[in-house]
Structure formats: structure tokens, C-alpha cells
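These notes are about the structure you will find just below.
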Amino acid sequence: MKKTILPIILMAMISLFTTNLQAGTVSIDTTYVGGITPCDSARRVMFYMEGTSSGYNIGDTMSLEIFFGDGSTDTLYGPVTDTTGRFYWHRIPHFYPSNGQYTVAYIATGPDMSADTIIVPNQVILQDSCGNISGQIYADVNNNCVLDGSETPLAGVQVSAYQGTQYIYSDWTDTNGYYYIDVPIGQTYTITTSANYGYNTICPASGSHTISTVPSNGNDFAIDCGTGFDLYPIAHGWSVPGQNLNLYLRVYNSFCQSQSGSVKLIFNDSLYSYGNVASSPPNSINGDTLEWNFGPLSNGWQNGFNVNVGAYTDTTAQIGDTVCVTVIVDPIIGDSNTSNNIRTFCIPVRTSYDPNIKVVSPLGVGDSGRVEPNTEMTYTVHFQNTGTAPAYNVYILDTLDTSTLDLSSIEILGASHEMSVNIISPAQNVLKFRFDDIMLADSTTNEPESHGWVTYKIQQQPNLTNGTTIQNSASIYFDYNPAVVTNYTLNTIDDQLVGIKSIPTDKKQHFANIYPNPASDILHIDFTSNIEASELRILDINGKLIRNVNEIYPSNQLNISDLKAGIYLIEMRAKNGNRQISKILINK
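Throughout the sequence shown, residue numbering follows my numbering, covering 7 to 594 in sequence.
The following block contains the structure:
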């Protein structure tokens with residue numbers, strides 16, 4: 007029920023409900039609005055709130071009162087949803103009859119009257135003093151800065167708006183290569199395209215459009231594919247003891263020049279093995295290594311090699327363990343970015359299978375998911391239609407914390423179906439992935455075709471301090487049903503980890519050559535000077551110690567025959583204090 011209130015009543019209500027009366031605790035973790043951008047005129051706005059509690063049981067009733075800032079309020083009731091005390095309300099509608107800036111207050115209250123309040127200044131901004139910037143992006147094969155009949159519009163290319171050096175907003179081109187960005191009038195904007203796909207901008211020659219008057223249409227970008235290729239793999243899935251579950255293996259080419267190749271999937275852990283089933287049978291199997299050949303790939307995440315692999319988790323696996331696979335994409339020689347051809351992906355062992363889940367790579371070390379500062383984060387949202395009829399449309403809302411993640415660095419890596427993506431609320435940093443007309447089968451009728459997913463990567467904000475946590479979850483909507491809220495992923499910054507980011511770039515630190523790489527049984531270590539190593543350690547890709555090596559002299563050889571296939575780090579410390587870390591690949 008809605009009612010009109012005076013400001014003095016609002017303050018009194020906030021004072022009343024922020025007093026914790028009993029042992030339970032209530033915390034509002036996040037709030038955001040959807041369905042608007044800073045340039046929307048008066049319209050219906052959707053509100054979202056998520057929180058956690060303690061001291062209550064599943065099903066206990068929580069209440070939420072929202073003060074919309076225009077003299078109206080609404081009260082809603084909902085349950086504690088799980089053992090972690092989560093509660094949430096999504097898609098709460100409110101209509102604002104006039105433009106303006108509105109401060110919104112939220113009061114969440116538990117059954118014992120414990121409460122939490124959040125006031126968000128200017129959370130809703132409605133104005134009509136805006137204009138549209140639009141254009142089209144296409145592959146200009148003959149370099150004449152004209153979209154000719156035989157040339158192709160480019161879908162999924164990120165376009166960003168800046169004011170000076172300040173990032174404002176991003177859109178991604180649709181299937182016809184068009185982008186649309188709404189911005190307030192009276193400002194000057196620079197519009198740029200992403201260089202993630204090996205594109206070279208031919209027109210405009212500067213590589214960007216500078217726009218001071220809006221609306222402004224026809225801001226096209228003529229793109230040349232350039233040369234080279236950049237193949238990269240993605241692997242993600244589930245691990246439950248005693249179950250044979252899907253491991254999704256994908257290979258993409260970031261560049262628009264096509265490239266064929268092969269991909270190897272190596273099961274690194276004795277607890278995790280090939281389940282003898284795959285949507286496309288491997289071309290070869292050699293022990294724990296599976297290999298597939300793939301045809302020409304090009305133009306980013308819309309075109310890729312996809313295979314679903316049955317992966318069995320041994321019954322002796324313990325909850326909280328991680329199982330890992332290594333993926334190698336060839337050719338490496340000639341690849342524009344060889345750092346992403348060989349990757350290790352780790353999967354946590356869980357108690358049960360949850361088809362609607364969010365996962366992060368790197369998983370990190372320990373329960374807190376410790377990662378180094380400046381590590382690139384890759385997120386995958388899985389979804390499944392577990393209803394009784396096809397889902398016509400699916401969309402995902404993903405709110406990013408810009409104090410820890412750089413919104414301007416987002417790169418879409420892959421998706422199960424054709425989709426579009428945009429930022430629906432720049433002020434709230436909400437990504438929306440839209441799978442329109444997906445017609446996703448229900449799991450009862452066609453289980454294999456009832457799944458979908460999207461993967462993207464994003465950079466951390468530079469040089470995050472020790473102990474900083476990066477948390478992320480997503481909300482999945484099937485048609486008009488309530489949201490399915492995923493788990494939270496968690497990573498914690500730890501600059502004491504030894505990992506790939508720790509490898510020194512100073513050549514003065516390099517005092518030994520290690521070969522062959524890849525290797526299988528023996529590594530040879532040739533010191534480049536009279537420096538001797540006082541300490542040598544073998545670590546896994548996450549920095550976990552595998553072995554201390556006490557002696558390599560006089561042969562300067564390292565026996566690695568007992569190590570499983572995968573990527574490892576060799577850390578050596580010299581007697582003069584120098585430290586060298588080398589990455590090696592072990593093949594079996």
C-alpha cells in the first residue's frame with residue numbers, strides 16, 4: 007500500500023527502525039535501479055535490493071520499506087531464502103510523474119525488529135535534456151570508408167563514451183553493427199571502439215569521434231581486420247563427488263582474421279577424469295589428454311569451437327577441494343597473444359549440482375579466494391530453464407563494484423546463444439545480458455538444450471590493497487518469472503602470493519635458462535653466470551607449494567616425471583638475493 011509522507015515522518019521512521027531490538031542481525035548489501043539511464047524522461051523505474059541476515063530460519067518473514075523520494079513509500083514482505091540468511095526483492099516498480107533527482111531510502115527489518123537502513127542520494131535521475139549518439143561498425147575490406155554490399159557489419163563490438171579521460175558509458179553493437187548511446191546535452195564526448203578484436207580503425211583516421219552537439223547520428227567506424235590471430239580457451243563446469251557432469255570447453259579467436267587449430271584438454275587431478283562422453287568426440291585420446299581439431303574461427307565471441315565434455319569426480323573428493331584442468335590451444339607460434347594459449351582452470355568440489363551459478367577464474371587460494379593485485383578476473387554465469395515450458399526470453403543483471411573492478415575494461419569472451427549486452431544503469435554499474443527469442447528448452451523436455459551461459463573478463467582497479475574483497479553475483483530472469491539469484495563469488499587481494507603476476511620483468515633477475523618447455527620427465531637448468539641457486543621450489547599455477555628441491559648439482563637437472571600434466575612455476579633464489587620465476591608446461 008502506498009501512502010504520502012512528510013520528510014519529518016521519514017526521518018522518524020528511519021530513527022525507529024535502525025534500532026536493533028534483539029539478537030538477529032540484518033544487513034542491506036546492495037541496492038540498484040533498473041530500466042533507466044541518466045537520460046530517461048519520467049517513466050516506471052524498477053528497484054532491486056539484496057541483503058543478508060543472521061539468527062533467523064529459512065522462511066522467516068523479512069520486511070522492506072522503500073521511501074522513493076517523491077513523497078511515496080511502499081512496504082513489501084518476503085522470506086529468508088537459505089541457510090546464509092539471504093533475502094531480496096527484485097523488480098519493485100514505481101512510477102515517477104515528473105523529472106528530477108530522487109534520494110531513495112531502504113529499511114529492511116527482521117522478525118525481531120532488528121533493522122538496517124541505507125539512504126542512496128540521487129539514486130534516480132530523470133531528465134529529458136539528453137540526446138542520442140549512434141553509428142554503425144563494419145569490416146571495410148577495400149578501405150574506402152563505405153559499407154559496400156559485399157562487406158559485413160560487425161556485431162558485439164564495444165563502443166565507449168568519454169568526457170575527457172573520464173569513462174562515461176559503453177554499448178555493444180547489435181547484429182547489424184549499430185550502437186546507441188544516450189548522453190546529457192551541453193557536454194563534449196569522445197566515442198571510441200574497442201581494440202580487443204585486433205581491429206584497426208580506418209575511418210575516422212583519428213580512431214574516434216568527438217561530438218559536442220547531440221543528437222548525433224552516423225558516427226560510423228570503418229574497421230580493417232589487420233593481420234594475425236589470437237586464439238584463447240575457456241573451460242568451466244561443475245564438480246560433485248560421484249557424478250559425471252558437463253565441463254564446457256570453448257575456443258575463440260579475438261581477431262577477425264580466421265584461424266584453424268587444435269585444442270588439448272588435460273585432466274590434471276586423479277580425482278577428476280574424462281567421463282567417456284562428449285558432444286563432439288575427441289580426435290585423439292592419450293591417457294588423461296583429449297584433443298580436438300577445429301576449423302576456421304574469427305570475429306570474437308559470436309563464433310567459436312564448442313564442446314561439452316562429461317567429467318567425472320571421484321567419490322573420494324572432499325567438499326572444498328578443487329579439481330583442475332589445463333587447456334592448450336595450438337598454433338601458439340604466430341599467435342598475437344601467446345599468454346592466453348595455455349591456461350589452467352580450477353573448479354570447486356560442491357555438495358550438489360546447481361545449474362544457476364556464477365563462477366570466477368582464477369578461483370584463488372583458500373576459502374577467501376586469495377589472488378594477487380592487478381589480476382584479470384573472468385566471470386561465467388550459468389543458467390538452466392528448470393520449468394515445464396520453453397523460456398522465450400532470458401536476461402541477466404550483473405552489478406559490478408567499481409571500487410574494485412574497472413567497468414571500462416569489460417570484454418565479452420563467449421556466450422551460449424546469440425545475445426546483446428548493455429549497461430542499463432551506469433550510475434549503478436549494472437550490466438544487462440539479453441537473450442531475446444532464445445526459446446530455451448525446459449530441462450524435462452530436453453535437458454542438454456536447457457542450459458545457457460555467458461563469460462566476460464574485467465580488470466581489477468589498479469593496485470588494490472591487501473585484504474580488499476571482490477564479491478560478485480548475478481540475477482537471472484526467465485520470461486516474467488521472479489529472479490533466480492546466483493551465489494556470490496569471492497576473491498581477496500593478497501600481494502604475498504607467488505603466481506604468474508609475480509614473475510619479474512627485470513632482466514637482471516634472470517640468471518638461468520630452463521628447458522625444454524614443454525617438458526615431460528626432465529628439466530635442464532643452465533645458469534647464465536657463476537650465480538648459484540640457494541633455493542628452488544616447484545609451485546602450481548595458483549602459487550601452492552608442490553615440492554622443495556634441496557639439490558640439483560652437479561647435473562643441473564630436475565626430475566619431474568612424478569608430476570601430472572599442467573602448468574607449474576619454478577621459483578629459484580640465488581645466493582646473491584636475485585629471484586627468478588619461470589612458467590613451464592608439463593605434458594604427459
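Backbone N, C-alpha and C define an ideal beta-carbon position, used for all residues, glycine too. Please read these numbers as outputs of a predicted model, since none were measured by experiment.
Restricting to Cα atoms, I'd like to know which of the options is closest to residue i.
{"i": "G106", "options": "Q502, V365, G316 and D76", "result": "D76"}
{"i": "I72", "options": "Y401, Y280 and Y112", "result": "Y112"}
{"i": "T199", "options": "L253, M425, G162 and S156", "result": "G162"}
{"i": "I482", "options": "V387, Y94, Q164 and Q586", "result": "V387"}
{"i": "T602", "options": "Q193, Y238 and S456", "result": "Because the chain in this structure spans residues 7 to 594, residue 602 falls outside the shown range and cannot be described."}
{"i": "Y597", "options": "L160, K463 and Y195", "result": "This structure cannot settle anything about residue 597, because the visible part of the chain is limited to 7 through 594."}
{"i": "I348", "options": "Y102, S268, I131 and N362", "result": "S268"}
{"i": "T115", "options": "N472, T67 and N149", "result": "T67"}
{"i": "V179", "options": "Q502, I531, F439 and N554", "result": "Here residue 179 is Thr; the residue named in the question, Val, does not match the sequence. Answer by Cα proximity: F439."}
{"i": "P488", "options": "N391, L551 and P117", "result": "N391"}
{"i": "D373", "options": "W244, L413, I325 and P379", "result": "I325"}
{"i": "P239", "options": "K270, I552, T79 and D327", "result": "K270"}
{"i": "S304", "options": "Q172, Q263, R553 and S290", "result": "Q263"}
{"i": "T322", "options": "G393, P368, G370 and G248", "result": "G248"}
{"i": "V333", "options": "S358, S342, Q169 and L296", "result": "L296"}
{"i": "Q477", "options": "V490, V32 and G370", "result": "G370"}
{"i": "G137", "options": "P117, I143, V220 and G213", "result": "V220"}
{"i": "T36", "options": "P368, I444, L406 and D341", "result": "L406"}
{"i": "Y108", "options": "E56, D118 and V51", "result": "V51"}
{"i": "Y195", "options": "G170, F484 and N497", "result": "G170"}
With residue i and residue j assumed to form a contact (beta carbons below 8 angstroms), what rounded beta-carbon distance in angstroms separates them?
{"i": "F53", "j": "I98", "result": "4 angstroms"}
{"i": "D500", "j": "V377", "result": "7 angstroms"}
{"i": "N282", "j": "G316", "result": "7 angstroms"}
{"i": "T410", "j": "N435", "result": "Incorrect: roughly 11 angstroms between the Cβ atoms, too far for contact."}
{"i": "S245", "j": "V355", "result": "5 angstroms"}
{"i": "T384", "j": "I353", "result": "T384 to I353, Cβ: 13 angstroms. No contact."}
{"i": "I139", "j": "A167", "result": "7 angstroms"}
{"i": "V400", "j": "F441", "result": "4 angstroms"}
{"i": "S60", "j": "T31", "result": "5 angstroms"}
{"i": "E56", "j": "Y102", "result": "Incorrect: roughly 23 angstroms between the Cβ atoms, too far for contact."}
Between the beta-carbon of residue i and the beta-carbon of residue j, is there less than 8 angstroms?
{"i": "F351", "j": "A447", "result": "no"}
{"i": "V331", "j": "F273", "result": "yes"}
{"i": "D122", "j": "I64", "result": "no"}
{"i": "G310", "j": "Y258", "result": "yes"}
{"i": "I191", "j": "N225", "result": "no"}
{"i": "S260", "j": "D230", "result": "no"}
{"i": "D546", "j": "Y574", "result": "yes"}
{"i": "Y62", "j": "G84", "result": "no"}
{"i": "S479", "j": "Y462", "result": "no"}
{"i": "I592", "j": "E577", "result": "no"}
{"i": "N250", "j": "S285", "result": "no"}
{"i": "V189", "j": "I174", "result": "yes"}
{"i": "F517", "j": "N584", "result": "yes"}
{"i": "Q502", "j": "N380", "result": "no"}
{"i": "V39", "j": "Q164", "result": "no"}
{"i": "I208", "j": "D275", "result": "no"}
{"i": "A141", "j": "F227", "result": "First, the residue type needs correcting, since residue 141 is Gly and not Ala in the sequence shown. Cβ atoms of G141 and F227: closer than 8 angstroms."}
{"i": "N556", "j": "R543", "result": "no"}
{"i": "V427", "j": "L437", "result": "yes"}
{"i": "D80", "j": "H100", "result": "yes"}
{"i": "T450", "j": "T394", "result": "yes"}
{"i": "Y398", "j": "D443", "result": "yes"}
Should residue i be counted as a contact of the ligand NAD given a C-beta to heavy atom distance under 7 angstroms?
{"i": "I124", "result": "Of ligands this structure carries none, so the ligand NAD is not represented either."}
May I ask you to verify whether the region 559 to 578 touches the region 526 to 533, counting CB pairs closer than 8 angstroms and requiring at least 3? Put simply, the region 559 to 578 touches the region 526 to 533. At least three CB pairs are less than 8 angstroms apart.
Going along the chain, which unbroken runs of the beta strand (DSSP E) with 3 or more residues stay wholly within the region 287 to 325? Counting only runs of 3 or more, we get 290 to 292, 295 to 303 and 310 to 319.
Any chance you could list the beta strand (DSSP E) runs of at least 3 consecutive residues sitting entirely within the region 99 to 151, in chain order? Fully enclosed beta strand (DSSP E) runs of 3 or longer: 106 to 115, 121 to 132 and 136 to 145.
Three or more beta-carbon pairs under 8 angstroms between the region 455 to 462 and the region 411 to 424, yes or no? Three or more Cβ pairs closer than 8 angstroms define a contact, and the region 455 to 462 meets that threshold against the region 411 to 424.
Would you call the region 242 to 257 and the region 464 to 474 touching, i.e. three or more CB-CB distances under 8 angstroms? Flag = no, the region 242 to 257 and the region 464 to 474 do not touch.
What are the complete alpha helix (DSSP H) segments, minimum 4 residues, inside the region 228 to 283? Listed in chain order, there is nothing to give.
Any chance you could list the beta strand (DSSP E) runs of at least 3 consecutive residues sitting entirely within the region 161 to 217, in chain order? Those beta strand (DSSP E) runs which fall completely within the region 161 to 217 and span 3+ residues are 164 to 169, 172 to 178, 184 to 190, 195 to 199, 206 to 209 and 214 to 217.
Counting only runs that start and end within the region 416 to 472, where is the beta strand (DSSP E) found for 3 or more residues in a row? Correct list: 417 to 421, 426 to 431, 436 to 441 and 457 to 465.
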